[in-house]
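These notes concern the structure reproduced below.
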Amino acid sequence: MPEEISKTALLAGATGLVGQQVLQNLLETPYYSEVKVLTRRPLNISNPRLTEIITDFDKPDRTLIRADDIFCCLGTTIKKAGSQEAFKKVDLDYPVRIAEFAKINGAEKYLIVTAMGADTKSVFFYNRIKGEVQEKLAAMKFDSLHILQPSLLLGKRAESRLGEKIGEVFSNLFAPFMNGSLKKYKAIESSKVARAMVSLAMKPEKGIFIHDSAALQQY
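The opening residue of the sequence shown carries number 1 in UniProt numbering; numbering runs sequentially from there.
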């Protein structure tokens, strides 16, 4: 399948919980001949198909944001970012700017991890920003746009987040009861989200697709 082997992927957010595993999946599949990563600092990973692009996300080089399929795993928290404005920059401005440049350069697919509850009309700032990024990306009319909306993410993080630790405890307690319509609220392993993201990129269907946490649990 030569047309598949020649495809290129570009990943933004390779050092986060999901992004690390997306990168691993991308490098393990022969589907992509080259995997580009936008990163602020070297990843110290040796792989002949990996191209690291050291990037200032405030001033990215438009000519370098070029690939068939774009994977966006950028994300932070208001606490870590330091303010709502700084959070908005990472979770809205950066993903949209990357999408704009990628579209100009011929990208066909854009895949992004947002969150359960993403909604431009949400009373919660976090969910509102996630909704805004979805809305802006949808307006760009990529051949395929895949929006992944996981619930609470499980996995080993570089930093400790008390709220999420508490959420994990409650999720484990109530997991046996989260079936049917409640399944989308069940916490999900970050590895499943990563596998879903890469698998979805290989599907030929065109359009806008929103995948809730229940759907992502299948991967």
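Built from N, CA and C at the ideal position, the CB exists for glycine as well.
Local conformation of residue i per DSSP, three classes
i           : result
V123        : coil
G19         : helix
K186        : coil
residue 226 : Limits of the chain in this structure are 1 at one end and 219 at the other, which puts residue 226 out of reach.
K136        : helix
E205        : coil
S144        : strand
P2          : The predicted model places P2 with a pLDDT of 41, which falls under 50 and marks its position as unreliable; any figure quoted below should be read in that light. Three-state DSSP puts P2 in a helix.
L152        : coil
A192        : A quick correction: the sequence has Lys, not Ala, at residue 192. In this structure, K192 counts as helix in the three-state DSSP scheme.
L200        : helix
Short Cβ contact (8 Å threshold) for residue i with residue j
i    : j    : result
A107 : D68  : yes
I208 : L153 : no
P42  : E52  : yes
L64  : I112 : no
I70  : L10  : yes
G13  : G75  : yes
R62  : F101 : yes
V18  : S190 : yes
L38  : T15  : no
M140 : K103 : yes
K184 : D212 : yes
Same chain, Cβ closer than 6 Å to residue i, neighbours up to 5 away in sequence not counted
i    : result
V133 : L92 and P95
G155 : L17 and S190
R66  : N105
I210 : I147
F57  : Y94
D119 : N127 and G131
M200 : The question names Met, but residue 200 is Leu in the sequence shown. H146, listed in sequence order.
Close Cβ partners of residue i (< 7 Å) along its chain, the five nearest in sequence each way excluded
i    : result
T29  : V198
L216 : L148, P150, I188, K192, V193 and A196
Q21  : S190, S191 and A194
Q218 : none
N44  : none
Other residues of its chain near residue i: CB distance less than 8 Å, five sequence neighbours each side excluded
i           : result
D143        : E108, K109 and K206
P48         : none
residue 233 : Residue 233 is absent from the model: the chain starts at 1 and stops at 219.
L137        : P95, V96, A99, Y110, I112, L145 and I147
F124        : G117
A81         : F87, K89 and V90
Q84         : I78 and F125
Q24         : A194
- Query: For the stretch 187–196 against the stretch 122–129, are there 3 or more C-beta pairs whose distance is under 8 Å?
  - Reply: Segments in contact, no.
- Message: Just to confirm the assignment: which complete alpha helix (DSSP H) runs, minimum length 4, are found wholly within the UniProt domain "NAD(P)-binding" (13–130)?
- Response: Counting only runs of 4+ residues, the alpha helix (DSSP H) found wholly inside the UniProt domain "NAD(P)-binding" (13–130) occupies 17–28, 78–81, 84–88 and 94–104, in chain order.
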